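Visitor:
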Amino acid sequence: MIRIENLTVLPDRRKIFVDGAPVELGYTAMDVLLILIEANGALVTKDELMDRVWPTTIVADNNLRVQICGIRKVMGEHHKLLVCVPGRGYRLLRPVHPVHAASTFVARPDLSQAAR
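Here you go:
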């Protein structure tokens, strides 16, 4: 379990709660959030995010921005903690605080390309 202000993230179950209430966050947005959490406040480059979230697919930069917007929406009043560093990447300003040991996140493989 990981706390970021009023968010509680359960990485192993891919669940997120705001003020204790469960909220929906898309699968890809959750991938991005978990990578940013794993960085523990360090900058994660746009290229690293793209490579880890979409390892076998070429996607437009807009896809990443859409996922970031979804995360910020869930963060509500704390959305400014997720910062864009223009031309470089993203970071969570406030280090996250593990409440219990959480496993390292590995992005899911993109199965849409494998089916072709």
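Numbering-wise, the sequence shown is residues 1 to 116 according to the UniProt record's numbering. C-beta atoms are modelled at their ideal positions from N, C-alpha and C, and glycine is treated no differently. This one's a predicted model, so the numbers in the text were calculated from it and none came from an experiment.
1. Does DSSP classify LEU93 as helix, strand or coil?
2. Rounded to the nearest angstrom, what separates MET1 and ALA39 at their Cα positions?
3. Between the Cα of LEU21 and those of LEU93, VAL74, LEU82 and GLY89, spot the shortest distance and give me the residue it belongs to.
4. Are at least three pairs of beta-carbons, each pair with one atom in the segment 45-58 and one in the segment 6-17, less than 8 Å apart?
5. Could you please give me the residues that DSSP links to THR45 through a beta bridge?
6. Measure the alpha-carbon distance for ASP19 versus PRO86 and round it to whole angstroms.
7. Which residues mark the beginning and the end of the beta strand (DSSP E) in which LYS15 is found?
8. Does GLN113 come out as helix, strand or coil in the three-state DSSP assignment?
9. Do the CB positions of ILE37 and VAL9 come within less than 8 Å of each other?
10. Buried or exposed for GLY26, please, with buried defined as at least 16 other CB atoms from any protein chain shown within 10 angstroms of its CB.
Guide: Taking the structure as given:
1. coil
2. 16 Å
3. The amino acid at residue 21 is misidentified as Leu; the sequence shows Ala. Answer by Cα proximity: VAL74.
4. no
5. GLY89
6. 30 Å
7. 15-18
8. Unreliable positioning characterises GLN113 in this predicted model, as indicated by a pLDDT of 47, which lies under 50. A coordinate reading is not provided.
9. yes
10. exposed
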